[in-house]
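Worksheet: the structure to be examined is printed underneath.
2 protein chains.
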Amino acid sequence: MTLSMYSASVPVFKQILNSLLAILDKADAHVTEKKIDPQALLQFRLYPDMLPFTRQIQIACDFAKGCSARLGGVDVPAFEDNERSFAELKARITKTLAFIDTVPQDQIAGSEQRAITTGSGEKTKHFTGQTYLLHYALPHFFFHATTAYDILRHNGLEIGKKDFIGSY
Amino acid sequence: MTLSMYSASVPVFKQILNSLLAILDKADAHVTEKKIDPQALLQFRLYPDMLPFTRQIQIACDFAKGCSARLGGVDVPAFEDNERSFAELKARITKTLAFIDTVPQDQIAGSEQRAITTGSGEKTKHFTGQTYLLHYALPHFFFHATTAYDILRHNGLEIGKKDFIGSY
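Residue numbers (the numbering used here), protein chains in the order written: chain A, 847 to 1014; chain B, 847 to 1014.
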């Protein structure tokens, strides 16, 4: 089996999104046990002009769904950014996982040279599918997923790199 | 051009390692300008039982060189973990970039089913090349590179996600 645009995208997103689901469970249990206001973690930023935890999770989901949809040539579904709890963030991830599984694998396969456009106006970017996946979507996805993990670790949640890498 | 094990590995590592080089320059200039002891950043951990900045950079380099070497079927060069300054960390990255460029591209291409073994004793892991690259080496690489970035951001270095994503 040779490497495909499908194998380098959807299964990778699924691995890390499933890790984040398990990490969110641990964060939720932690704040309950320690009687911490969940917003202390959900709104935590590693620096005042960085995005809070909730946005990191939302954006990681957006790169997973946006990349899978664009490579597969289907519309990118819009998700409202209205999550206010660990449970709601878990639901967003679950919704993302469900969506990326609906993108036909055979439409993602062969998308190496597909013309991909993101953004609009001055922020419009043009890519081939391969450059978009490897050099843009995956780095952004991992950036936000790791930063979400780092925020929780920085706040004392007892998780380790194994929780981030998860199962594959 | 179809996706290859080469295009999904070495050029991705190069993109992010080059970003880290530029970020290290900014960190070095920052501590000089602000008269900060460089060790305050080099030894900084986001939590006491997390690894310090220096180790994050070293390990990111190790995943880049280890993955490129194993996929290419060449020996993994051993690097001493003795960097004590931003300049030395830059040299480590430069050495890593130089090494991964020596691994023959045509030996990495076609490594999807190559048997890859990492670790030893109880920690031995067996992979196919494809699983190793997509589900192990790339996630670990991005994890450490992002955490290095997060440490500097948390300490007030004026960098943004564009610095992390870099050029591709």
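Beta carbons: idealized from backbone N, C-alpha and C, even for Gly.
Which value, in whole angstroms, describes the spacing of the CA atoms of P898(B) and F987(B)?
-> 16 Å
Exposed unless 16 or more other CB atoms sit within 10 angstroms - verdict on R938(B) | Buried is the label assigned to R938(B), since at least 16 other Cβ atoms lie within 10 Å of its Cβ.
Compare the C-beta of A854(B) with all C-beta atoms of chain A and state if any pair is closer than 7 Å.
-> Answer yes: the Cβ-Cβ gap between A854(B) and chain A drops below 7 Å somewhere.
Contacts of D996(A) in chain B (Cβ-Cβ under 8 Å) = Taking the beta carbon of D996(A) as reference, the chain B residues within 8 Å of it are L892, T992, T993 and D996, listed in sequence order.
Under 6 Å Cβ to Cβ from T948(A), same chain only, skipping five residues before and after it: list those, please.
-> Cβ neighbours of T948(A) beyond the five flanking positions: none.
Close Cβ partners of L870(A) (< 8 Å) along its chain, the five nearest in sequence each way excluded = I903, F932, L935, K936 and I939
Anything in chain B within Cβ reach of G1002(A), meaning under 9 Å, just list it in chain order.
-> Y893
To which residues of the same chain is Y852(A) closer than 6 Å at the C-beta, ignoring the five residues directly before and after it?
-> Here the set comprises Q951, I954 and A955.
Using a Cβ-Cβ cut-off of 7 Å, state whether E958(B) counts as contacting chain A.
-> yes
Does the Cβ of R930(B) have 16 or more other Cβ atoms within 10 Å, making it buried, or fewer, making it exposed?
-> exposed
Buried or exposed for E968(A), please, with buried defined as at least 16 other CB atoms from any protein chain shown within 10 angstroms of its CB.
-> exposed
Can you tell which of Q861(A), D908(A) and L892(A) has the C-alpha that lies nearest to the C-alpha of L998(A)?
-> L892(A)
Local Cβ density within 10 Å of Q976(A), reported as buried at 16 or more and exposed below that | Note on Q976(A): 16 or more other CB atoms within 10 angstroms of its CB, so buried under the neighbour-count rule.
Relative to chain B, which residues along the stretch 862 to 896 of chain A have a C-beta separation below 7 Å, given in chain order?
-> I862, L892, Y893 and M896
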